[in-house]
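Each residue of the sequence shown is one higher than the one before, counting from 33 in my numbering.
Beta carbons are placed, not taken as given, at the ideal position from N, Cα and C, and that holds for glycine.
Inspection log for the structure reproduced underneath, given as structure tokens.
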Amino acid sequence: MQDADYRRLVEDSPLATVLVDRGPSGWRAAWANRAATDLFDGLLDRPLAEVVHPEDLADVVATLDRGARDDRTAHEWRWRGMDGRDVTVEVLVGGGTPDGVLSLSCWDVTQHVERTRDLAHRATHDRLTGLPTRELFEDRWELARSRARRSGAVPVVAFCDVDDLKQLNDEHGHLVGDQALVRIAGRLAGTSRAGDTVARFGGDEFVVLVEAGDVDPGALGRRLREAVADVPLELPDHRAVPVRCSVGLVQDDLTRSTAEVLASADRRMYEEKRRHRHD
33 MQDADYRRLV EDSPLATVLV DRGPSGWRAA WANRAATDLF DGLLDRPLAE
83 VVHPEDLADV VATLDRGARD DRTAHEWRWR GMDGRDVTVE VLVGGGTPDG
133 VLSLSCWDVT QHVERTRDLA HRATHDRLTG LPTRELFEDR WELARSRARR
183 SGAVPVVAFC DVDDLKQLND EHGHLVGDQA LVRIAGRLAG TSRAGDTVAR
233 FGGDEFVVLV EAGDVDPGAL GRRLREAVAD VPLELPDHRA VPVRCSVGLV
283 QDDLTRSTAE VLASADRRMY EEKRRHRHD
């Protein structure tokens with residue numbers, strides 16, 4: 033089929049179709065049908081290297097350099113939209129011609145990818161606080177232990193429990209109790225590093241996992257205790273009450289199970305809680 037005939041055939045197709053060739057500045061669009069022009073909204077005027085997401089660019093270039101193949105593998109690539117949002121497309125590469133022109137058949141899967149990502153996030157994160165769940169925490173802890181066996185940098189685990197949450201719920205209602213949990217979660221997350229994991233373990237319990245490295249456990253404990261000491265909480269009548277959290281911190285012990293290590297942190301947390309009651 034002649035190039036002009038192909039263009040007439042797909043011009044009005046609802047399937048976004050782009051013809052690309054390799055020029056001095058790399059791969060770029062040589063022609064696009066109406067559906068592709070609408071989908072990419074001005075992006076096709078520039079070389080692909082300028083509009084493809086940086087993390088996907090190497091795969092795009094390698095795939096186009098290989099040319100059309102018989103396996104018809106679908107590729108998922110992100111294009112950087114003019115409004116700053118990514119457009120995720122599923123692409124089939126085909127139609128190689130003697131002069132090196134390839135056809136890209138594209139489907140917009142942005143919403144599908146976002147829904148899938150959202151569902152995956154909801155499955156592994158607590159709905160109230162947005163923190164990882166117990167299951168995700170335990171998965172990350174096992175990975176941290178695997179790294180520790182190779183590096184010798186043993187993780188530190190902190191077990192945190194909100195003081196007197198039941199009393200707060202009984203006296204002021206669960207909305208106030210939920211507000212306390214959200215505030216504590218924010219304080220713990222805010223004082224943690226990017227590589228740490230702060231999770232809601234259940235009810236009024238939180239856990240923090242720090243892959244030690246150069247971290248001083250004593251300094252970490254002080255930082256966490258300061259972060260969750262006297263967290264201000266506003267009651268429905270606009271009075272403010274302080275809420276705090278008891279913290280038990282231990283260095284991981286790779287000869288013991290994670291349940292045993294966490295039980296040690298739990299005991300230390302309750303020792304601190306008893307001290308709070310006598311303050």
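Test item: CB-CB of T290 and W109 under 7 Å: Your numbering for residue 290 matches position 258 in the sequence shown. Your numbering for residue 109 matches position 77 in the sequence shown. No.
Cα-Cα separation between D158 and F238, rounded to whole angstroms: For this step, residue 158 is matched to residue 126 along the sequence shown. For this step, residue 238 is matched to residue 206 along the sequence shown. Spanning the alpha carbons of D158 and F238 requires a straight line of approximately 11 Å.
Helix, strand or coil at S137 [DSSP, three-state]: Translated into positions along the sequence shown, residue 137 becomes position 105. Three-state DSSP puts S137 in a strand.
The segment 179-196 in contact with the segment 270-281 per 3-pair CB rule at 8 Å: Cβ pair count under 8 Å is three or more, so yes.
Within 7 Å, strictly: CB atoms of V52 and L134: Taking the sequence shown and counting its residues from 1, one reaches residue 52 at position 20. Taking the sequence shown and counting its residues from 1, one reaches residue 134 at position 102. Yes, the Cβ-Cβ distance between V52 and L134 is below 7 Å.
Distance between V145 and D318 (C-alpha atoms, nearest Å): Lying before the first or after the last residue shown, residue 318 is absent from the chain, which here runs from 33 to 311.
Pairwise C-alpha distance: L136 and V121: Looking up residue 121 in the sequence shown gives position 89. Looking up residue 136 in the sequence shown gives position 104. Looking at the backbone, the Cα of V121 and that of L136 are separated by about 11 Å.
Among N201, A212, A67 and G250, nearest to E43 - alpha-carbon criterion: Here the question's residue 43 lines up with position 11 in the sequence shown. Measuring from the Cα of E43, the nearest candidate turns out to be A67.
Nearest-angstrom beta carbon gap, V214 and T161 [assumed within contact, 8 Å]: If you number the sequence shown from 1, residue 161 lands on position 129. If you number the sequence shown from 1, residue 214 lands on position 182. Contact between T161 and V214 holds, with the beta-carbon distance rounding to 6 Å and staying under 8 Å.
Residue nearest to H308 in terms of C-alpha spacing, selected from A261, H270, D298 and T229: If you number the sequence shown from 1, residue 308 lands on position 276. Looking at the Cα atoms, A261 is the closest of the given residues.
L75 - DSSP class collapsed to helix/strand/coil: If you number the sequence shown from 1, residue 75 lands on position 43. Note: L75 maps to helix in three-state DSSP.
Three-way DSSP call (helix, strand, coil) for G113 in this model: Walking along the sequence shown from the start, residue 113 turns up at place 81. It is coil, neither helix nor strand.
T95, buried or exposed, once every other Cβ within 10 Å from all chains shown has been counted against 16: Here residue 95 refers to the residue found at position 63 of the sequence shown. When all chains shown are included, T95 counts as buried.
Candidates L89, H204, V240 and G205: closest to L220 by CA position: The residue you call residue 220 lines up with position 188 of the sequence shown. Here the closest residue by C-alpha is V240.
Proximity below 7 Å, CB of P79 to CB of S57: The count along the sequence shown starts at 1 and reaches residue 79 at position 47. The count along the sequence shown starts at 1 and reaches residue 57 at position 25. In contact: P79 and S57 (Cβ atoms closer than 7 Å).
Where P164 falls: helix, strand or coil (DSSP): The count along the sequence shown starts at 1 and reaches residue 164 at position 132. The answer is strand: DSSP assigns P164 an E or B state.
Helix, strand or coil at V293 [DSSP, three-state]: Position 261 of the sequence shown, counting from 1, holds the residue named residue 293. Looking at V293 - three-state DSSP - the assignment turns out to be helix.
Selected residue, minimal CA-CA separation from A272, among F233, E258, E303 and V208: Here the question's residue 272 lines up with position 240 in the sequence shown. Checking every option, the nearest Cα to that of A272 belongs to V208.
Cβ neighbours of T156 in the same chain (closer than 8 Å, five flanking residues each side left out): Translated into the one-based positions of the sequence shown, residue 156 becomes position 124. Listed in chain order, the non-local C-beta contacts of T156 below 8 Å within the same chain comprise P164, T165, E167 and L168, local neighbours out to five positions each way being set aside.
N- and C-terminal bounds of the alpha helix (DSSP H) containing E258: For the purposes of this step, residue 258 is identified with residue 226 of the sequence shown, where counting begins at 1. E258: member of the alpha helix (DSSP H) spanning P249 to A259, first to last residue.
Helix, strand or coil at G218 according to DSSP, with G and I counted as helix: As a working note, residue 218 is residue 186 in the sequence shown. Helix at G218.
Boundaries (first-last residue) of the alpha helix (DSSP H) holding L151: The count along the sequence shown starts at 1 and reaches residue 151 at position 119. Note, L151: alpha helix (DSSP H), T142 to T156.
Coil, strand or helix - A47 by DSSP: Numbered from 1 along the sequence shown, position 15 holds the residue referred to as residue 47. One point to set straight first is that residue 47 is Leu, not Ala, in the sequence displayed. Note: L47 maps to coil in three-state DSSP.
Rounded straight-line distance, which links the Cα of H206 to that of L200: Taking the sequence shown and counting its residues from 1, one reaches residue 200 at position 168. Taking the sequence shown and counting its residues from 1, one reaches residue 206 at position 174. Those two C-alpha atoms are separated by around 8 Å.
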